[in-house]
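There are 2 protein chains.
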Amino acid sequence: MEQANPAEVATARNRKVVLREYISRAPMEDDMLLVDGGAVPLRVPEGAAGPAVLVKNLYLSCDPYMRGRMRDNPNSYIPPFKPGSVIEGLGVARVVDSTHPGFSAGDIVSGMTGWEEYSLIQKPEQLNKIQQSDIPLSYHLGLLGMPGFTAYAGFYELCSPKKGEFVFVSAASGAVGQIVGQLAKLHGCYVVGSAGTNQKVELLKDKFGFDAAFNYKEEPDLTAALKRYFPEGIDIYFENVGGSMLDAVLVNMRVHGRIAVCGMVSQHGMTDPVGIHNLYYLVPKRIRMQGFIQSDYINLFPQFVDDMAKHYRDGKIVYVEDMSIGLENAPAAFVGLFSGENVGKQVVCVSQE
Amino acid sequence: MEQANPAEVATARNRKVVLREYISRAPMEDDMLLVDGGAVPLRVPEGAAGPAVLVKNLYLSCDPYMRGRMRDNPNSYIPPFKPGSVIEGLGVARVVDSTHPGFSAGDIVSGMTGWEEYSLIQKPEQLNKIQQSDIPLSYHLGLLGMPGFTAYAGFYELCSPKKGEFVFVSAASGAVGQIVGQLAKLHGCYVVGSAGTNQKVELLKDKFGFDAAFNYKEEPDLTAALKRYFPEGIDIYFENVGGSMLDAVLVNMRVHGRIAVCGMVSQHGMTDPVGIHNLYYLVPKRIRMQGFIQSDYINLFPQFVDDMAKHYRDGKIVYVEDMSIGLENAPAAFVGLFSGENVGKQVVCVSQE
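Same order as they appear, the protein sequences are chains A and B.
Read in order, the letters of the first sequence correspond to residues 1 to 353 in this note's numbering.
Read in order, the letters of the second sequence correspond to residues 354 to 706 in this note's numbering.
1. Could you round the C-beta distance between F214 (chain A) and G181 (chain A) to whole angstroms and report it? I think they count as a contact, below 8 Å.
2. Expressed to the nearest angstrom, what Euclidean distance is found between the alpha-carbon atoms of Q484 (chain B) and I461 (chain B)?
3. So that I know if they touch, is there some Cβ in chain B lying closer than 9 Å to that of F292 (chain A)?
4. F591 (chain B) lies in the beta strand (DSSP E); which residues open and close that run?
5. So what's T550 (chain B) in DSSP terms, helix, strand or just coil?
6. Which chain A residues are close to M713 (chain B), counting only those with a beta carbon under 7 Å from its beta carbon?
7. Spatial neighbours of N593 (chain B) within its chain, please: C-beta separation below 7 Å, excluding the five flanking residues on both sides.
8. Under 9 Å, Cβ to Cβ, is there at least one residue of chain A near S637 (chain B)?
9. Short of 7 Å in beta carbon distance, which residues of its chain neighbour H621 (chain B), apart from the five on each side in sequence? Order them along the chain.
10. Keeping to the same chain, check which residues put their C-beta closer than 7 Å to that of L60 (chain A); ignore five residues upstream and five downstream.
11. Below 8 Å, can you find three or more Cβ-Cβ pairs linking the segment 20 to 36 of chain A to the segment 50 to 60 of chain A?
12. How is the alpha helix (DSSP H) around S750 (chain B) delimited, first residue to last?
13. Using the Cα positions of L158 (chain A) and L539 (chain B), report the straight-line distance between them to the nearest angstrom.
14. When the Cα atoms are used, what is the spatial distance from T271 (chain A) to Y634 (chain B)?
15. Check this for me: beta carbons of G326 (chain A) and G196 (chain A), under 9 Å apart or not?
16. DSSP three-state call for D564 (chain B): helix, strand or coil?
17. Nearest to T223 (chain A) by alpha carbon, out of A:S119, A:L141, A:M253, A:Q126?
18. I'd like the span of the alpha helix (DSSP H) that includes M146 (chain A), first residue to last.
19. Residue range of the alpha helix (DSSP H) that I532 (chain B) falls in?
20. Give me the chain B residues within the contact set of S76 (chain A), using Cβ-Cβ distance strictly less than 9 Å, ordered along the chain.
21. Please list, in chain order, the chain A residues whose beta carbon lies closer than 8 Å to that of M385 (chain B).
22. Contact criterion: CB-CB distance below 9 Å. Does M1 (chain A) meet it with respect to chain B?
23. On a Cα-Cα basis, can you pick out the residue from A:G106, A:A105, A:V86, A:I121 that is closest to G50 (chain A)?
24. Do L494 (chain B) and K698 (chain B) come within 9 Å of each other at the CB atom, strictly closer than that value?
25. Do the segment 424 to 441 of chain B and the segment 497 to 506 of chain B make contact, defined as three or more Cβ pairs closer than 8 Å?
26. Tell me which residues share the same chain as E518 (chain B) and place their Cβ nearer than 8 Å to its Cβ, disregarding the 5 neighbours each side in the sequence.
27. Going along the chain, which residues of its own chain have a beta-carbon closer than 7 Å to the beta-carbon of E382 (chain B), five neighbours each way excluded?
28. Of the residues B:P500, B:L536, B:I532, which one's Cα is nearest the Cα of K708 (chain B)?
29. Strictly below 8 Å CB to CB, what residues from chain A border L539 (chain B)?
30. I'd like to know whether the C-beta of I629 (chain B) is nearer than 9 Å to at least one C-beta of chain A.
31. Does the Cβ of A93 (chain A) have 16 or more other Cβ atoms within 10 Å, making it buried, or fewer, making it exposed?
32. Nearest to D322 (chain A) by alpha carbon, out of A:N14, A:I276, A:S160, A:L143?
33. Just checking: is the beta-carbon of I236 (chain A) within a distance shorter than 9 Å of some beta-carbon in chain B?
34. E585 (chain B): buried (16+ other C-beta within 10 angstroms of its C-beta) or exposed?
35. Please classify M112 (chain A) as buried or exposed, where buried requires at least 16 neighbouring CB atoms within 10 angstroms.
36. So that I know if they touch, is there some Cβ in chain A lying closer than 9 Å to that of D649 (chain B)?
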């Protein structure tokens, strides 16, 4: 693919996934297009505005927050994608060429990149260099990356956990949920998770060590289901889904309970999302409910990486990812997040080297 | 009314307001009955279980939380009323007789009493003795009582207010709202309130010194209205109403905003309350939303009374109450809370002495 020519700069084919147009519903595969970006020179172009890095993308991360960037909302906390332009997302990549003194060809980095084979990173300061180790590279998109850090910051900074408390995690086998549940177990909590298939429920109990788990699609009455799993009520709810699950949780919360709102994946893309009817319970139960974004706690990131790598090496935290192979499968992998197709953290392997 | 007879204990007629039966909708006058409780001896009965106090009720408080006690919900944070029994509520009363060493005939007290002319208080420890002063006795049910303390604890303990921040108060002319708004002004905040009549809106601006106020019933689009009043967004929302106002507020909150949930009066008594559709905004705006009950902060009560009495005497806080005269008018006064009939804190005068 990389064609060397002594007289010229080597080039490579660069396929890209671009956003077709803004949407206001749940994303579909056809909202993204795989296009041939032509031949890309494998060198940082001369005359670039400043130091830049050209990378070959290895692994791309599919994350629910990206749905928000497909919406024409210039006031969002993160700017929308541009129709016709390449999708941006977190990834792990290998440096091919660099005019930035901090990076050299061959370095492995993680950070914001493009859904394409090669990306020119104009702000290389945002990249993190990865020290290769026994931990798989793709894990830097989950266990040791943004989702893992979301779990870590959300659980420790917002939930005020105490040993012996009752913790409920929705979307519990997902990138964030699986780590929240395991951190809560390590903290001495009683942990129950919900997921949307029996396979995921088994994973929660057998692999991640949750005390119990259930398939929410098989529960006609979520309020009754939670009462069964938490006869004494819920102290901490790590909220990933919204909708009727949140209503059922509110009824089952204990006095002085905490709800960390990480996301509400059931509400993404609905123009008329399901209304929440039980918010009044916040008052008699004195519940604290708080939304958060992991980047507000970024000063904790180095500590997080140390803690999590140690837990992983000690066998105290396990991690499951769902790997799609090939850039061409990235749109389907992303869309699958919103119907729960993925089992574990969804990533796309663009290239293994 | 109090008939002395040298050979017997004096007695008095004792009319009572009793709950007819449990309800699960908004309360109506007919849910309460005025009954003749017969002649009551004006002395603590011999053989009472422990020290007790017989009081003559002077002022009774009508508070929205009492609606919850009309529901058959044994799991509530406060036990339900009993059908056929006298309604309980906060009141100011004069001690007629006492077998408790802390109270003597003639003392003025506030605390939990009955909606009747005379009440036998079996747990007099919960009563507070009121030192009579230039502050009207009924104000101990509002400005210096539970609603004032709700405003004080909710604003200072939950809202983390900073000078210059933008504060919105719903049900702003009510018992709690009027005080929250004035405390926020004293703190250097910009304060807007909403109410349900133009008369109340004028009161907010002219009497309570809010920076602006509006009649929510005249706003077809609450989201647009709030955008007009808060072009830079809302930092703090003191939530008294719920429903569509909360949805409109969520859209208009600023990043890292705080919502103190004091009550949701629009949701009281509805079997199918209006759903909240915009909770997802908690995440990108990193909003902290917290329900509370004033009694959790009771250690601050003495400081509150000192602060508030000083503010009142210094003319820095004003107070408006809506006084109904006569026990027979208590049911209508209470029911009026839920349709906004009251202008200011609703109290009932049973007797002036």
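Glycine included, each C-beta is placed from N, C-alpha and C at the ideal position.
Keep in mind the model is a prediction, meaning the values are calculated, not measured.
With the given structure in hand:
1. Going by Cβ atoms, the distance from F214 (chain A) to G181 (chain A) rounds to 13 Å, so no, they are not a contact pair.
2. 8 Å
3. yes
4. 587 to 592
5. coil
6. Absent from the model: residue 713 (chain B). The displayed extent of chain B is 354 to 706, so no value can be given.
7. S523, A524, G527, V529, G530, C615, G616, V618
8. The displayed chain sequence assigns Pro, not Ser, to residue 637 (chain B). Cβ-Cβ to chain A under 9 Å: yes for P637 (chain B).
9. With a pLDDT of only 49 at H621 (chain B), under the threshold of 50, the placement of this residue in the model should not be trusted; the figure read from the coordinates follows. Contacts found: A379, P417, R420, F691.
10. G89, G91, W115, A330, V347, V348, V350
11. no
12. Since the displayed chain B opens at 354 and closes at 706, residue 750 (chain B) lies outside it and no answer follows.
13. 30 Å
14. Note that T271 (chain A) has pLDDT 49, beneath the 50 cutoff, so the model's placement of it is unreliable and the number below is only indicative. Cα to Cα, T271 (chain A) sits roughly 14 Å from Y634 (chain B).
15. no
16. coil
17. A:M253
18. 146 to 153
19. 530 to 539
20. P637
21. Per Cβ cutoff of 8 Å: no residues; M385 (chain B) is ~23 Å from chain A at best.
22. Any reading at M1 (chain A) needs caution, since the residue's pLDDT is 46, under 50, leaving its predicted position unreliable; the model's value is listed next. No, no contact with chain B.
23. A:I121
24. yes
25. no
26. C542, Y543, D588, I589
27. P684, A685, V688
28. This structure leaves residue 708 (chain B) out entirely; chain B is present only between 354 and 706.
29. What L539 (chain B) touches in chain A: nothing, since even the nearest Cβ is about 25 Å away.
30. yes
31. buried
32. A:L143
33. no
34. exposed
35. exposed
36. yes
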